[in-house]
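Residue numbers (this note's numbering): 67 to 344. All C-beta atoms, glycine included, are put in the ideal place defined by N, C-alpha and C. In what follows, a single structure is set out as structure tokens and then discussed.
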């Protein structure tokens, strides 16, 4: 049940290194691993006139610094409807895949209004039904991205407790009625904050370690022989993550055809695996 601190921002961090360094050194996260919520796309003529969508340069920068990303999608809304949900989900899935967001991680879909009337409730539910129809279709969502919702607390409560109990929820202002099933809580500025980022970011905290944060990974083409008689590995070019694969022995059973290891090979099958950082 470990909580993780984080931020969300409209600013592209790779374009403002001073701002990025201020986040790196900010006292809010106490020097511990943290996350940043960032936007997958722009939304038309944003009223801040800001290019806020993530780029590969940015996700690589975050990976190098072991900062996880929470993906937020704020799409065009010309009225909440099933059709608009389908369109926005397709756009979000495409954008996430283009940034190499890993499979089985959530996209937090922003819904701009609270649920204040039966009509609004019906329209927002129809919108999310459109989103879910795309996410549930493996041909449209081959990476199996999961449903997340970002918005006022009463909206997140309705989604989590009544509509989609497995959804991730990120709630901000207005907070409204409370509930215990939230994934990420957003605050404009925590009490007692002593840093310099007030009014520049929103401050977040996850309820558990399962909040949907992800890191960008890119691996070299060749497998590395590191002396193991069982497997070889690749190290991510941007962080300390390794992936492993069992050796593929040649006809003599004493040399791996993929990494060049020579010696007794203990497991003569090809399977891929994944292990934590070393």
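- Residue 159: member of the alpha helix (DSSP H) spanning 148–164, first to last residue.
- For secondary structure counted as the beta strand (DSSP E) over 3 or more consecutive residues, the segment 175–223 holds these complete runs in sequence order: 212–218.
- Within the DSSP bridge table, the entry for residue 100 names no partner.
- One Cα belongs to residue 140, the other to residue 295, and the distance between them is close to 49 Å.
- Going by DSSP, residue 134 is part of the beta strand (DSSP E) stretching over 134–139.
- Excluding sequence positions up to five before and after residue 227, its CB lies within less than 7 Å of the CB of 245 and 247, all in the same chain and listed in chain order.
- The segment 76–96 makes contact with the segment 256–265, as at least three CB pairs between them are under 8 Å.
- By alpha-carbon distance to residue 69, the top candidate from 278, 129, 147 and 316 is 278.
- With respect to the 7 Å criterion, residue 272 and residue 250 are classified as neighbours on the basis of their beta carbons.
- In this chain, residue 301 is not harboured by any alpha helix (DSSP H); it is covered by the beta strand (DSSP E) spanning 297–301.
- Taking residue 176 as the centre and dropping the five residues before and after it, the same chain places the C-beta of 138, 139, 140, 216 and 217 closer than 7 Å to its C-beta, in chain order.
- Nearest in C-alpha terms to residue 125, of all of 116, 164 and 150, is 164.
- CA-CA distance, residue 89 to residue 313, rounds to 42 Å.
- Its chain contains 172 as the residues whose beta carbon lies nearer than 6 Å to that of residue 212, once the 5 sequence neighbours on both sides are disregarded; these appear in chain order.
- Annotated three-state conformation of residue 272 is strand, per DSSP.
- Contact between residue 149 and residue 268 does not hold, since the beta-carbon distance rounds to 30 Å and is not under 8 Å.
- Judged by beta-carbon spacing, residue 192 lies within the 7 Å limit of residue 147, meaning their Cβ atoms are closer than that value.
- In the DSSP assignment, residue 173 forms a beta bridge with 137 and 213.
- A check of alpha carbon separations from residue 304 across 131, 151, 209 and 223 identifies 131 as the nearest.
- DSSP places residue 264 in the coil class of the three-state scheme, outside both helix and strand.
- Secondary structure at residue 130: helix, using DSSP grouped into helix, strand and coil.
- Within its own chain, the residues whose Cβ lies closer than 7 Å to the Cβ of residue 200, once the five positions on either side in sequence are excluded, are 152, 155, 156, 159, 206 and 207, listed in chain order.
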